[in-house]
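Numbering (UniProt numbering), first residue to last: 1 to 258. In what follows, a single structure is set out as structure tokens and then discussed.
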């Protein structure tokens, strides 16, 4: 008697101004199509957003999703930078011919890194990651921090084998603060097999294209919609996504059980 195939365990990382409940709604088309192949694991980002500053999407409110709405990172006021921080940023940017005035600033990575590290240690291992918008950048920084910057402290963490990214963006003009140091946002590529799905009408289309350059190997699907997870795809695009998911599931079930 053949054993039942094991589902892929996939960690789901939402974008700005979301909750687990809202991201479950956004990913409903994926859950319906791949529920027999994937176990979707959702976690919350640690940053609570002020609804007066970041108004929730009307569609979520109409569905009765009340929040609190969250994020992995948020904007930081450059006027709050200390003299020491400005000097460190200047040193970092000088080799690239850039100045602090050219940049925006984002914080939240410290809290978010700890949230992801905790999830991987307590709820992992995960076969893959499914991300939307800033969730893709968050995973990339997690990968860099645990596998390059602080590898010795995180050798116990087993990395996923693939990343499914919808409208994944990199903030090409942003500096991000991690462990007290400011880094250029796009300086840390990630070695993981990745499916990039993004739309021609996405206002962040250029940032989505920039994010594809920071992962490899990659498969790219470009649809005709905006900054979203589409409910439907063209037959050709759907086949690419289906084949990607099926191949990852097959690889998992063909690996020898330890």
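A virtual CB, placed ideally from N, CA and C, is assigned to each residue, including glycine. Remember, it's a predicted structure, so these values are computed and weren't measured experimentally.
Quiz item: How do the stretch 98-108 and the stretch 49-57 stand: do at least 3 beta-carbon pairs fall below 8 Å, yes or no?
Solution: no
Exercise. Please name the residue in 7, 29, 121 whose C-alpha comes closest to that of residue 241.
Key: 29
Quiz item: What are the residues that DSSP puts in a beta bridge with residue 54?
Solution: According to DSSP, which records beta bridges pairwise, residue 54 is partnered with nothing at all.
Quiz item: Of all the options 100, 39, 229, which has the alpha carbon lying nearest to the alpha carbon of residue 80?
Solution: 100
Quiz prompt | Segments assigned beta strand (DSSP E), at least 3 residues, entirely inside the stretch 57-124 | solution = 104-107
Exercise. Could you name each continuous beta strand (DSSP E) segment of 3 residues or more that falls completely within the stretch 198-245, going from the start of the chain to the end?
Key: 215-223
Quiz item: Hey, which unbroken runs of the beta strand (DSSP E) at 3 residues or more fall wholly within the stretch 129-202?
Solution: 162-166, 174-178, 181-184, 190-199
Practice problem: Give every residue of the same chain whose Cβ lies closer than 8 Å to the Cβ of residue 102, excluding the five residues on either side of it in the sequence, and list them in chain order. | Solution: 93, 173
Exercise. Could you check what DSSP says for residue 18 in three-state terms: helix, strand or coil?
Key: strand
Quiz item: Does DSSP put residue 9 in a helix, in a strand, or in coil?
Solution: strand
Self-check item: As assigned by DSSP and simplified to three states, the class of residue 40
Solution: strand
Exercise. Take the Cβ of residue 250 as the centre, count every other Cβ of all protein chains shown within 10 Å, and call the residue buried at 16 or more, exposed below.
Key: exposed
Exercise. Could you give the DSSP three-state label for residue 49: helix, strand or coil?
Key: coil
Quiz item: Once you ignore the five residues that flank residue 217 on each side, which residues in its own chain have a CB closer than 8 Å to its CB?
Solution: 193, 194
Quiz item: What separation, rounded to the nearest whole angstrom, lies between the Cα atoms of residue 142 and residue 182?
Solution: 15 Å
Exercise. Just confirm the distance between the C-beta atoms of residue 212 and residue 244, as a whole number of angstroms; I'd bet it's less than 8 Å.
Key: Wrong, their Cβ atoms sit about 15 Å apart, outside the cutoff.
Practice problem: Tell me whether residue 31 sits in a helix, a strand or coil according to DSSP, three-state version. | Solution: helix
Exercise. Closer than 8 Å by C-beta to residue 121: which residues in its own chain qualify, once you throw out the five before and the five after it? Chain order, please.
Key: 156, 157
Quiz prompt | Rounded straight-line distance, which links the Cα of residue 32 to that of residue 7 | solution = 14 Å
Quiz item: Does the separation of the CB atoms of residue 168 and residue 112 fall below 8 Å?
Solution: no
Quiz item: Any idea if residue 62 is buried or exposed, counting beta-carbon neighbours within 10 angstroms, 16 or more meaning buried?
Solution: exposed
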